[in-house]
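With this note's numbering applied, the sequence shown corresponds to residues 6 to 448, in that order.
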Amino acid sequence: MNKPPANARNLAHYWMPFTANRQFKATPRMLTAARGMFYDSDDGRSILDGTAGLWCVNAGHGRPEIAHAVENQLNTLGYAPCFQMGHPAAFDFAEQLAGIAPGGPDAGLDRIFFTNSGSEAVDTALKIALAYQRAIGQGTRTRLIGRERGYHGVGFGGISVGGLVNNRRVFPSLPGTDHLRHTHWLERNAFTRGLPRYGAELADDLTRLVALHGAETIAAVIIEPVAASTGVLLPPHGYLERLRAICDEHGILLIFDEVVTGFGRLGSPFAVDYFGVKPDIVTTAKGLTNGMIPMGAVFASRQIHEAIVVGPETEIEFYHGYTYSGHPAACAAGLATLSIYKEEGLLTRVTQLADLWQNTLHEFQSRPGVIDVRTIGLMAGIELDPWQKPGQRAYDVLVECFKRGLLVRVTGDTIALSPPLIAEPSHIERMASILGEVLDTHQ
Ligand SMILES: Cc1ncc(COP(=O)(O)O)c(C=O)c1O
6 MNKPPANARN LAHYWMPFTA NRQFKATPRM LTAARGMFYD SDDGRSILDG
56 TAGLWCVNAG HGRPEIAHAV ENQLNTLGYA PCFQMGHPAA FDFAEQLAGI
106 APGGPDAGLD RIFFTNSGSE AVDTALKIAL AYQRAIGQGT RTRLIGRERG
156 YHGVGFGGIS VGGLVNNRRV FPSLPGTDHL RHTHWLERNA FTRGLPRYGA
206 ELADDLTRLV ALHGAETIAA VIIEPVAAST GVLLPPHGYL ERLRAICDEH
256 GILLIFDEVV TGFGRLGSPF AVDYFGVKPD IVTTAKGLTN GMIPMGAVFA
306 SRQIHEAIVV GPETEIEFYH GYTYSGHPAA CAAGLATLSI YKEEGLLTRV
356 TQLADLWQNT LHEFQSRPGV IDVRTIGLMA GIELDPWQKP GQRAYDVLVE
406 CFKRGLLVRV TGDTIALSPP LIAEPSHIER MASILGEVLD THQ
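Rendered as structure tokens:
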């Protein structure tokens with residue numbers, strides 16, 4: 006607590022990601038510690054975490070079990086090469102993850118490839134899809150389809166299938182990518198409680214792309230079952246089922262990017278379990294290690310794994326991997342995180358909170374300038390009328406909420422909320438009360 010205040014620190018050298026660097030450095034917001042549902046700021050205030058960090062601290066902050074597991078692991082084996090060598094924690098963690106794999110044991114999504122982030126998980130999943138199509142004699146299938154308003158991280162694969170213009174306009178995309186239309190249909194679905202009623206037919210956009218490009222050129226479609234970073238966009242009733250059916254009809258793999266929805270955010274271990282729609286590949290990160298050590302993981306189906314892991318046994322089957330794939334410290338953090346999730350029932354706890362969450366946040370419908378409220382599980386998007394200045398009002402709300410002790414996230418004109426899954430009703434009420442005051446004063 007005796008650290009110098011932020012303005013005494015040299016802020017020049019750290020080039021901050023996804024941040025208005027000069028604006029931030031002129032008026033910094035510094036977080037110095039965290040425990041449970043709260044951060045401490047450098048000016049000695051307690052900030053309620055309305056966003057689980059960046060959708061990742063599902064079990065709450067400062068979990069000593071995870072810290073101790075990492076410490077023990079680092080004191081035992083701090084690093085081991087993962088190419089042609091192994092270490093126990095990686096196999097143990099993969100086995101534990103297989104036990105809760107998306108869709109349960111029958112879905113067979115239990116062959117697990119470790120990465121260090123969600124972006125790497127996405128690029129890995131796209132490569133697995135391409136390798137699979139080639140392995141089964143469908144080598145012409147090289148096209149990757151994403152969706153408008155999708156976010157799949159910042160690798161070249163991820164931005165190519167992603168649908169956010171600011172993340173794409175400066176950088177060239179991979180050749181042979183295309184996009185489905187997004188599913189955000191404000192005019193018809195605003196303020197719907199639960200899944201949007203209208204828009205299942207938007208999945209037919211894939212049929213249009215098949216007609217345009219030829220199914221034999223398309224390897225995979227990747228979507229977020231619930232689009233998080235682009236404004237908490239829920240899939241319309243029947244949309245995911247329809248997309249699955251069209252993929253099946255045309256031999257196209259379906260990838261769910263569950264970097265946000267994985268590990269209990271919707272009240273089930275994965276969105277796959279929540280919606281009952283089974284993709285062929287699932288990407289995860291964030292809640293995988295409670296955000297305490299960077300890590301991502303790709304769950305591939307046995308069928309895909311078996312198609313790729315063939316040929317002479319002396320040959321590497323899949324030319325892909327990272328120096329830190331399955332890093333011992335990350336695996337230790339992941340194992341400890343999974344134990345917490347299981348002991349505290351966090352992978353399903355949100356089912357007890359979802360009604361309160363929905364009812365509390367839908368009360369914002371009556372606030373001036375709120376044009377939609379969307380909730381699912383313990384996620385919410387409150388979309389504001391930009392009033393001629395896109396992004397400005399939402400950013401002002403973020404700043405004012407922080408001043409009043411609440412961390413929210415802003416994506417475009419939407420305030421996104423996704424607190425840790427340990428949240429109590431009192432935390433939800435406090436979040437709503439601070440946000441309500443701020444919205445009232447920022448009209
Ligand atoms: C759906 C989704 N995919 C991928 C990513 C990228 O993850 P990372 O920032 O760990 O690379 C994110 C990050 O927010 C995400 O929300």
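Backbone N, C-alpha and C fix where the C-beta goes; we use that ideal spot for every residue, glycine too. Predicted model, so just to flag it, every value in this text is computed and none were measured.
Helix, strand or coil at residue i [DSSP, three-state]
i, result
"Tyr203", "coil"
"Gly58", "helix"
"Leu114", "coil"
"Leu389", "strand"
"Ile133", "helix"
"Thr419", "strand"
"Val166", "helix"
"Pro22", "coil"
"Arg173", "helix"
"Arg27", "helix"
"His432", "helix"
"Thr37", "strand"
"Leu191", "helix"
"Ser46", "strand"
"Leu79", "helix"
"Ile227", "strand"
"Gly144", "coil"
"Ile345", "helix"
"Ser124", "helix"
"Gly441", "helix"
"Thr457", "A question about residue 457 goes unanswered here, because the residues of the chain that appear run from 6 up to 448."
"Leu149", "strand"
"Tyr184", "In the sequence under discussion, the amino acid at residue 184 is His, which differs from the Tyr named in the question. It is a strand residue."
"Arg98", "Per the sequence presented here, residue 98 reads as Phe, with Arg not at that position. It is helical."
"Met6", "Its pLDDT being 46, under 50, Met6 is placed unreliably by the model, and the measurement read from it follows with that caveat. Coil at Met6, not helix or strand."
"Ile321", "coil"
Candidates the options, of which the one nearest residue i by Cα
i, options, result
"Pro274", "Ser330, Arg354, Gly326", "Arg354"
"Arg247", "Leu207, Leu271, Tyr279, Thr266", "Leu207"
"Glu229", "His332, Gly123, Thr319", "Gly123"
"Gly163", "Asn171, Gly296, Ser178", "Ser178"
"Ala187", "Ala216, Ala437, Arg198, Ile150", "The sequence as given places His at residue 187; Ala does not occur at that position. Considering only alpha carbons, the answer is Ile150."
"Phe176", "Val159, Leu191, Ala437", "Val159"
"Gly167", "Gly144, Leu131, Asn15", "Leu131"
"Asp48", "Ile345, Phe407, Ala428", "Phe407"
"Ile420", "Ala39, Leu102, Leu352, Ser234", "Ser234"
"Pro284", "Gly113, Ala103, Pro22", "Gly113"
"Gly155", "Glu263, Asp445, Gly219, Asp253", "Glu263"
"Cys336", "Ala95, Gly67, Tyr84", "Ala95"
"Asp418", "Gly410, Thr446, Val378, Glu442", "Val378"
"Gly243", "Val282, Phe323, Glu442", "Val282"
"Ala437", "Gln393, Ala25, Trp362", "Trp362"
"Asp360", "Tyr44, Leu271, Arg152", "Leu271"
"Gln78", "Ala290, Pro333, Glu442", "Pro333"
"Leu36", "Lys30, Ser51, Leu245, Gly350", "Ser51"
"Leu440", "Pro395, Gln393, Gly386, Lys394", "Gly386"
"Glu442", "His432, Gln393, Phe369", "Phe369"
Beta carbon of residue i nearer than 7 Å to that of residue j
i, j, result
"Val237", "Met90", "no"
"Gly65", "Gly41", "yes"
"Phe185", "Asp210", "Note that residue 185 corresponds to Leu in the displayed sequence, not to Phe. Going by C-beta atoms, Leu185 is nearer than 7 Å to Asp210."
"Ala106", "Asp97", "no"
"Gln138", "Arg148", "no"
"Arg414", "Leu53", "no"
"Thr328", "Val127", "no"
"Leu403", "Gly269", "no"
"Ile141", "Ala312", "yes"
"Val215", "Leu259", "no"
"Cys87", "Gly292", "no"
"Gly67", "Ala39", "yes"
"Ala485", "Phe323", "This structure leaves residue 485 out entirely; the chain is present only between 6 and 448."
"Gly55", "Leu411", "yes"
"Arg449", "Leu422", "Residue 449 is absent from the structure shown; the chain starts at 6 and stops at 448."
"Val203", "Arg213", "Reading off the sequence, residue 203 comes out as Tyr, not Val. Cβ atoms of Tyr203 and Arg213: not closer than 7 Å."
"Pro180", "Ala205", "no"
"Val231", "Thr266", "yes"
"Glu201", "Leu245", "A small correction: the amino acid at residue 201 is Pro; Glu does not occupy that position in the sequence shown. Cβ distance not < 7 Å, so Pro201 and Leu245 don't count as in contact."
"Val466", "Gly108", "Absent from the model: residue 466. The displayed extent of the chain is 6 to 448, so no value can be given."
"Ala290", "His255", "no"
Whole-number beta carbon distance between residue j and residue i, since they are thought to touch under 8 Å
i, j, result
"Ile376", "Asp390", "5 Å"
"Ser330", "Thr120", "6 Å"
"Ala302", "Leu358", "In fact, because the Cβ distance is near 26 Å, the residues do not count as touching under 8 Å."
"Ile257", "Ile286", "That belief does not hold up - the Cβ atoms of Ile257 and Ile286 are roughly 12 Å apart, past 8 Å."
"Gln101", "Leu343", "5 Å"
TODO: Just list the beta strand (DSSP E) runs in the region 233 to 312, keeping only unbroken ones of 3 residues or longer that don't cross its boundaries, in chain order.
DONE: 258 to 262, 286 to 289, 301 to 305
- [ ] Pick out the complete alpha helix (DSSP H) segments inside the region 347 to 418, 4 residues or longer, and give them in chain order.
- [x] 355 to 367, 397 to 408
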